[in-house]
Structures are given as structure tokens and as C-alpha cells.
Amino acid sequence: MQQALAVETPLHIAALAIYALAVGLTLFGVLMSRPAFVRAGHIAAVAGLAVHSAALGLRWYGAGHGPYLTRYEVLSSNSWAAMTLFELVALRDRRMRGLAMLIYPAALLTLGIGVYTGPEVQTLPPTFTGVWLVLHVCFYFVAFAAALLSLGYGLAHVARDTRLLARVPALPDRGTLDRESYRFAGLTFAFWGIGMLTGAIWAYYSWGRFWGWDPVETWSLVTWFVYGIYLHARRFYGLRGRKAALLLLLGFVLAIGSLFFTSLLTTSLHSEYFSS
Amino acid sequence: MALMAFVAVAGAVGAWFPQRALVSPEAMASWEVDNPALAGASRALGLDALFSTWWFLVALGVFSLMLLVATARMAVEARGAMVGQAVAPHTTVPCVCADEMAERARTAGYHELRGTADGVRVFMRHRWGLWGPTVLHAGMVVALLAALAASALTSQAVLDLSEGEVRAPGDDYLVTEFDVLGRAPEVGRAMRFDGASTETWPDGSLKSVTATLSVLEGDAGWVTHTSSPNAPLSLHGHTIYVLPGDFGDAAFLAVTAADGTEYRLRTEFTFVPEGEAGYAQVVPAGVPVIDARWDPHGVRGPAALSLRPAGDSGAEPVAVAPGETVEVGDYTVTLVGMAQWMAFRIVRPYAIGVLFLGFGIIGLGSLMLYLWVPRELVIVPSADGVRYGWRAARMGRTYLAERDAILGRAPDAGEDR
């Protein structure tokens with residue numbers, strides 16, 4: 000197990016370096032209108048994702064628990080989820096690859112901060128066991144990835160016709176970007192909601208209460224409501240364009256805050272997680 | 000939407016201002032000293048207990064009601080849409096036989112709902128998916144109402160027992176939270192704490208703890224049960240939780256003051272990980288008079304328990320073993336014995352099953368929204384081919400290839416993008 004941990008940290012750093020290369024190639028390709036560089040960036044990102052996957056797998060094996068306890072593990076997992084979801088989307092529809100100029104830097108930044116915080120392994124507290132915890136965390140990983148993609152599509156939709164994005168090779172039309180943004184916001188809402196519910200079940204079995212208005216829980220609920228408001232505003236009030244993107248941005252900022260910062264700023268039952 | 004926004008903003012305010020129910024009195028006082036203006040506003044507006052204010056509860060109630068109304072409306076719409084023909088046949092595909100197209104639709108999983116005398120044929124796929132939004136919102140209604148009922152009618156208490164100690168029915172708890180009807184949890188049987196076993200990680204930190212409880216079940220005598228984190232004990236309509244941070248060893252002390260007053264005290268140390276020592280204070284009459292150190296792993300010396308006058312860091316700790324009597328400052332202290340202690344949370348739950356059912360319905364509704372996307376195809380023969388109308392209730396672009404296959408034409412052939 001120690002050997003696995005000894006290997007996973009260099010692998011994480013290698014993944015970080017490859018992602019950085021992917022970001023560089025993609026941005027250069029976009030800014031200089033060189034599609035070959037964008038394609039090379041994509042290949043580098045897929046290679047980085049493979050290395051990242053191996054690193055996370057070794058971390059899981061070496062630490063003896065899923066990668067969801069320390070900042071290092073949580074941020075790395077979130078970065079991995081975002082990259083994986085984006086590559087799956089890009090695999091299904093190659094036109095989406097242009098969005099890499101937004102997704103790759105975000106994933107790089109997330110992983111970079113995680114690696115910066117240090118790879119110390121923490122043992123699981125007694126309550127951090129059980130299938131509900133795993134489901135709770137996994138749903139939030141997917142929700143974060145979907146939120147990032149939704150925001151990326153939303154911002155790309157707003158900026159599609161600007162000079163910068165007009166150069167992006169084969170980026171979908173504004174209508175498609177708008178629809179995909181809506182679609183991934185729906186996915187965020189669903190996964191975020193189920194993540195909260197599984198968390199409530201886990202809390203009930205761990206502490207005897209399903210909801211306690213703990214700051215992390217409350218900010219998570221607020222985030223879910225903001226995505227709910229976005230979906231209803233689009234569906235029933237025709238919210239589109241810049242205002243829709245701004246609401247998505249608000250939702251994403253709240254998501255980042257409730258996932259990564261609230262437990263650090265206030266006293267919370269969730270302070271055990273993310274405590275390194 | 001306005002109500003959602005209101006609850007979201009209220010929630011944000013409640014998460015921003017410290018809540019009395021969630022933070023210690025000391026932390027609250029410290030925050031009030033640091034933020035006098037905010038503290039004044041918080042007290043005046045009830046923001047320090049926002050989630051139990053009448054207006055917040057009323058807002059949640061109204062929100063539940065609006066959700067219920069919206070769900071009912073959705074159900075009526077879904078019921079109406081089940082019969083199909085929400086889309087008109089407006090586009091003509093030339094040189095195609097309606098029967099061929101119908102066959103391809105059936106192969107693609109569409110079911111023919113009906114045909115009319117003028118040749119209009121209606122097909123649908125995943126028509127139960129029309130109920131997805133209704134199911135999702137119904138789940139929210141069930142969960143929200145169950146949560147409100149659970150908050151009002153769940154009672155709980157903290158029971159603090161030492162090893163071998165028995166709580167008889169009716170005995171006081173350490174802390175009791177009554178439900179709105181003034182009821183406290185009561186298992187109705189004598190309960191005895193028989194001890195806790197722990198498992199630690201290689202670094203000495205706590206991995207798991209399992210408490211053994213015996214319950215006097217009439218003629219059956221003492222029946223033994225266990226409870227551990229994430230695996231609470233269900234007993235006679237109550238659930239008994241182990242609180243991982245609230246157990247350890249306790250010193251039973253007889254403390255005699257200089258004026259001859261004797262106090263019988265239990266001093267609790269929380270679980271001490273490998274390589275650490277635990278500390279507690281001996282508090283005979285509301286005032287700490289002795290600092291106690293519990294060193295079961297011999298980190299600070301050979302003595303497991305040592306005592307010194309409270310706050311006197313220069314004093315040498317006095318070791319004391321079970322049965323021994325020592326002088327600590329102005330007090331004479333006898334260590335009667337050591338035993339494990341544990342705090343249990345005893346909950347008389349209400350509507351939890353309904354709440355989790357609501358969660359399940361929400362999950363089912365979410366799945367229906369994404370996995371059972373209803374598609375409707377309406378075809379009618381025309382002079383030069385077949386007129387058709389097609390729509391997917393959600394995410395229509397995903398299913399254009401399926402539609403084009405039914406129409407018998409190349410993908411991306413034209414309209415309805």
C-alpha cells in the first residue's frame with residue numbers, strides 16, 4: 000500500500016503537467032487559429048486523464064478508502080470527474096471539443112490546488128463509512144462536473160460571436176450551446192439533489208438526524224434552489240442568453256463555495272472532511 | 000419561483016449568521032463581541048435562530064402547498080398528454096408508405112396508440128416518461144411534508160451511561176429535546192451499558208466503536224444488542240445511536256473539601272488515541288478545582304491517572320491508582336475506580352420512512368426525466384407521401400437520429416433541428 004502511495008503522487012504531478020500541456024496547446028491553437036494544436040491538446044488531455052485515473056486508483060488502494068476525504072483527494076476527484084464527463088461529451092459530439100479552452104483550465108486549476116495542498120493520507124473517522132456516504136460523494140462529483148460543463152456552455156453561448164470564440168474551430172452554434180447549457184444544468188440539479196438526499200440518509204444513520212441546517216447543508220440547499228430557479232426560469236419564463244449565463248455563474252460560484260469553502264470557514268459537521 | 004428564491008435567500012442568511020442551535024454559547028458570545036452591529040440585528044430579527052422562526056416555517060409551509068398545487072397541475076397535464084397528438088403532422092416525406100413508416104416506428108420501440116378514420120396514426124415511445132416531472136415534484140412534496148412532520152414530532156435525548164450502569168424507564172436523560180406535543184423518547188425497558196469495543200487505525204486514531212447494550216425484556220431477561228456508527232440499534236420504536244466523539248473512560252472520585260464536604264463525582268475523558276493523553280477537570284460544585292490527566296498509553300509517564308490543582312501548571316501532578324487516596328491542593332481525593340462511559344442518542348423517529356420514500360420518489364422522477372424521454376410520432380398518408388409530426392418532450396436533439404431512421408431518410412436531412 001505504501002508503494003502505491005509512493006507512485007500515486009508523482010503520477011498526480013505527471014497528470015498535472017500533461018493537463019498544463021493540453022491547456023497550452025488548446026489555447027495556442029484557438030488564439031492562433033491552428034486546429035492541429037487544438038487536436039494535439041485534446042490528445043494530451045486524454046493521455047493526462049489516463050494518468051490521472053491511474054493516480055486516483057492507486058490513491059484509493061494506498062489510502063484504503065475512496066478519494067473523498069482530504070482536499071487533495073476531493074479536488075483531484077472533482078477534476079477527474081469534470082475531465083471524464085467532458086471527454087465523454089466530446090467523444091459523442093466532436094464539435095464540443097472547442098469548449099476545452101474553458102474546461103481544461105478549470106480542471107487543471109482544480110487539480111493544481113489539490114496537489115498543492117499535499118498528499119498526506121488521513122484515516123477515516125468512524126462515521127465515514129457505508130454505501131450512503133459513497134453515493135453522496137459520487138453524486139456530488141458528477142454534479143460538480145455537470146455544473147462546470149453547464150457554465151462552460153453558458154459562457155460560450157454568450158461569447159460565441161466575439162472575436163475570440165469566433166476562431167474556435169468547430170464550436171457548435173449558439174443554439175446548441177444554449178441547449179447543452181440547459182441540459183447540463185438539469186443534470187446538475189438532478190445529481191446535486193440526489194447527492195443531498197443520499198447525504199441526508201447517511202446523516203440519519205450516522206448522527207440520528209437527516210437535516211440540521213448545518214452551514215454546508217444549507218449552502219448546498221441554496222445552490223440546489225438556484226439551479227432550480229434557473230431551470231424554471233428557462234422553462235416557463237424564457238430566460239436565455241446573458242441573464243441565463245449570469246444565473247448559471249451564480250449557481251456555480253455557490254456550488255464551489257458550498258463544496259470547498261464553507262466547511263473551512265465555519266464550524267460544521269462536515270469539517271471532518273476536508274480537514275487536512 | 001419567488002418562494003424558492005425567498006427560501007434560498009433566507010437559507011443563505013441563516014447560513015451566514017451563526018445559529019444558536021448549532022454553535023456553542025462561547026462561540027456565539029465571541030462572535031457577538033467581534034460583530035456588535037450584526038449581533039444586534041441578528042437578535043432583533045431572530046436571525047440567530049432563523050430556521051425555527053414562524054415566518055420561515057410559514058414560508059416552507061406555503062412552499063409545500065404551492066409545490067402540491069403545481070404537482071397536481073402537472074399530473075393533469077401528463078394524464079392528458081398520455082393519449083398523444085400533442086404535435087400536428089405538418090411535414091411531408093415524399094414517396095414513403097405509411098405502413099412502412101409505422102413498422103419502422105414499432106421496431107424503434109414506439110407503440111401505436113390509435114388510428115382515426117381519416118388515417119391519422121399516433122405512436123408514442125416511453126409515454127410513462129410524461130409523468131417524470133410530476134413524479135419528481137410529488138417526491139419533493141412527500142419529502143418536504145415528511146420532513147416538516149419529522150421535525151415537529153421527533154423527540155430525542157442524550158443518555159450518558161457508565162459501564163454496568165442501568166437506566167430504568169422514567170429516569171432522567173442528560174439532555175432531552177421534546178417534540179411539539181411535549182413527548183420525550185422512552186424505550187420503556189431498563190437498559191444497561193455493558194461496555195464499548197474499539198478498533199484503531201495504525202496511527203492510533205479511532206476506526207470504529209461498538210457499544211454493547213443490554214435491555215431487560217420481561218421474562219426473557221437481559222437481551223444483548225450492539226450499536227455502532229452507521230449501524231444504529233432499533234428498539235421498540237426508538238433508534239439508539241452511538242456518538243463516536245462521546246465515549247471513553249471515566250474516573251469515579253470521592254472528593255473531600257477542606258470544610259469536610261464530600262462530593263461523589265464522575266470525571267469523563269473522551270477516547271484517547273494511541274500516543275496521546277486525555278485531559279478533564281474535576282468540578283465538585285460548579286467550579287473546576289482539579290485538573291486530571293488520563294494517560295492510558297503511558298505517554299507522559301507510568302501513572303495512568305494524575306491530578307493537580309486546577310490552573311496550577313507549576314504543580315507536580317499526583318498519581319493516583321484505584322482505591323488510593325491522595326491530597327490535591329485543598330482537596331482529598333480517592334479514586335474509587337475507572338470504567339468506560341458512553342453517551343447515546345435516543346431518538347423516537349417520526350415519518351422517517353415516509354421521508355425516505357419521498358427521497359426514493361425524487362430519485363425515480365429524476366431517472367424518468369433522463370431515461371424515459373417520451374417521443375411522439377403522428378403520421379397521416381397524403382397524396383405525395385406521408386405527412387408527419389414528431390416531438391420529444393425533452394432533449395429533442397438527442398433523438399433526431401431515431402426520428403430520421405423512422406422516416407427513412409439520411410440523418411441531418413433538414414428541418415426540426
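Line by line, the protein sequences give chains Z and G.
Note that the first sequence covers residues 0 to 275 in numbering that gives the first Met the number 0.
Note that the second sequence covers residues 0 to 416 in numbering that gives the first Met the number 0.
Ideal Cβ positions, reconstructed from N, Cα and C, are used throughout, including at glycine.
Predicted model only: the values in this text are computed from it and were never measured.
Taking residue i as part of the beta strand (DSSP E), name the residues at either end of that continuous run.
i	result
Trp-221 (chain G)	221-226
Arg-386 (chain G)	384-391
Phe-209 (chain Z)	From DSSP, Phe-209 (chain Z) is part of no beta strand (DSSP E); its letter is neither H nor E.
Asp-290 (chain G)	289-293
Met-446 (chain G)	Outside the modelled stretch of chain G, which goes from 0 to 416, sits residue 446 (chain G), for which no answer is possible.
Leu-68 (chain Z)	No beta strand (DSSP E) holds Leu-68 (chain Z); DSSP gives it neither H nor E.
Pro-308 (chain G)	304-308
Val-121 (chain G)	120-124
Thr-90 (chain G)	90-93
Ser-213 (chain G)	205-215
Val-379 (chain G)	374-381
Does residue i have its Cβ less than 8 Å from a Cβ in chain Z?
i	result
Val-208 (chain G)	yes
Trp-30 (chain G)	no
Val-372 (chain G)	no
Val-174 (chain G)	no
Ile-360 (chain G)	no
Asp-202 (chain G)	yes
Val-6 (chain G)	yes
Gln-18 (chain G)	yes
Ala-146 (chain G)	yes
Phe-50 (chain G)	yes
Arg-396 (chain G)	yes
Ala-11 (chain G)	yes
Please confirm whether residue i has its beta-carbon closer than 8 Å to some beta-carbon of chain G.
i	result
Leu-245 (chain Z)	no
Phe-85 (chain Z)	no
Gly-227 (chain Z)	yes
Ile-255 (chain Z)	no
Thr-217 (chain Z)	yes
Trp-191 (chain Z)	no
Val-221 (chain Z)	yes
Val-214 (chain Z)	This sequence places Pro at residue 214 (chain Z); Val is not what is there. Yes - at least one Cβ of chain G is within 8 Å of the one on Pro-214 (chain Z).
His-231 (chain Z)	yes
Thr-293 (chain Z)	Lying before the first or after the last residue shown, residue 293 (chain Z) is absent from chain Z, which here runs from 0 to 275.
Ile-200 (chain Z)	yes
Find the residues of chain C that neighbour residue i, judging by a C-beta separation of less than 7 Å, and give them in chain order.
i	result
Asn-229 (chain G)	Here the protein chains are Z and G, and chain C is not one of them.
Using DSSP with H/G/I as helix, E/B as strand and the rest coil, what is residue i?
i	result
Tyr-172 (chain G)	coil
Met-3 (chain G)	helix
Asp-245 (chain G)	strand
Arg-19 (chain G)	coil
Asp-329 (chain G)	coil
Gly-277 (chain G)	strand
Gln-339 (chain G)	strand
Ser-161 (chain G)	strand
Ala-257 (chain G)	coil
Phe-259 (chain Z)	helix
Phe-177 (chain G)	coil
Leu-238 (chain Z)	coil
Ala-230 (chain G)	strand
Gln-1 (chain Z)	helix
Thr-197 (chain Z)	helix
Tyr-60 (chain Z)	helix
So is residue i buried or exposed if we call it buried at 16+ other beta carbons inside 10 Å?
i	result
Thr-175 (chain Z)	buried
His-110 (chain G)	exposed
Pro-17 (chain G)	buried
Met-31 (chain Z)	exposed
Glu-401 (chain G)	buried
His-235 (chain G)	exposed
Val-298 (chain G)	exposed
Asp-383 (chain G)	exposed
What distance in whole Å lies between the Cβ atoms of residue j and residue i, which are believed to be in contact at a cut-off of 8 Å?
i	j	result
Tyr-387 (chain G)	Val-92 (chain G)	6 Å
Val-346 (chain G)	Gly-207 (chain Z)	5 Å
Tyr-152 (chain Z)	Glu-179 (chain Z)	4 Å
Ala-184 (chain Z)	Ser-149 (chain Z)	4 Å
Pro-321 (chain G)	Leu-306 (chain G)	At roughly 14 Å, the Cβ-Cβ gap does not stay under 8 Å, so Pro-321 (chain G) and Leu-306 (chain G) are not in contact.
Met-190 (chain G)	Ala-249 (chain G)	About 18 Å separates the two Cβ atoms, so there is no contact after all.
Taking the continuous alpha helix (DSSP H) assigned at residue i, which residues delimit it?
i	result
Thr-133 (chain G)	131-152
Tyr-262 (chain G)	That residue, Tyr-262 (chain G), is in no alpha helix (DSSP H); its beta strand (DSSP E) goes 261-269.
Thr-116 (chain Z)	99-116
Thr-161 (chain Z)	Looking at the DSSP string, Thr-161 (chain Z) is not in any alpha helix (DSSP H), and its letter there is neither H nor E.
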